[in-house]
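In my numbering, the protein residues as written are -3 to 249.
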């Protein structure tokens, strides 16, 4: 645990952020180049199947970020410590971005394969619900109320909304679906050629590092934002104090 804590402190520092940025961006670019030029195309779907190397990692990144929201939201409600709320908010923002990319890439992949941009398939529908729930989480945080109450309600949304994450993943196993079964997290061995599987795992790892980097960068920015609304370090104010403008002296005739 001590090693993990020291690693987290190092990654949040300037040197750690630079290393994460280099590893994340280099890894994503390298994985995409391999997926485009070295891995053979699928025999049935052709070139469009290469979208898998973006679609699956972004979906995984969404799962991971929403898991962080779930854990951090529970910790925030239990401890009322603001750093847990900051972590949950940063992860939610990254998760919404990655899930939005997942839906967009899925539509681009589905159009030539299914003949339609969108189908109310169980996997697509549950993913859309996930995107909307955590978009609502971010909206609740911005309600014109006192910050602490808004953040508490947002934490509740983050916890309840997490129930949809396993439903998204297991929907293709529970219900009839046009969508293919999970590529990586599945009961039996992945049904992919070794080169495809290795590239997909590498891309997923690269997007995982990208997620960590984005969360750390967003945390750093959120700490600066919160200083505006803070009475003392680590404690948000309950309400914004009114600004009192002194009255101008009356002129004497």
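Ideal Cβ placement from N, Cα and C applies to all residues, glycine included.
As summarised for the stretch 110 to 170, the continuous alpha helix (DSSP H) elements at least 4 residues long and confined to that stretch are 118 to 137, 143 to 157, 160 to 170, given in chain order. The bridge partners DSSP lists for residue 81 come to none. Your pair residue 98 and residue 58 checks out as a contact, with CB atoms roughly 6 angstroms apart and the cut at 8 angstroms.
Straight-line spacing of the CA atoms in residue 13 and residue 209 works out to 7 angstroms. In the DSSP assignment, the residues bridged to residue 42 are 38.
Residue 172 counts as exposed, since fewer than 16 other C-beta atoms from the protein chains shown sit within 10 angstroms of its C-beta. Per the Cβ contact rule, the stretch 80 to 97 is in contact with the stretch 118 to 137 (3 or more Cβ pairs under 8 angstroms).
Here DSSP, grouped into helix, strand and coil, assigns residue 172 to coil.
Shown here for residue 81: same chain residues with a beta carbon closer than 6 angstroms to its own, the five before and five after excluded, namely 72, 147 in chain order. Taking all protein chains shown into account, residue 56 has 16 or more neighbouring C-beta atoms within 10 Å of its C-beta and is therefore buried. Where residue 74 is concerned, the enclosing alpha helix (DSSP H) starts and stops at 48 to 75. Inclusion of residue 211 and residue 155 in the CB contact set at 9 angstroms is not warranted, their separation being larger than that value.
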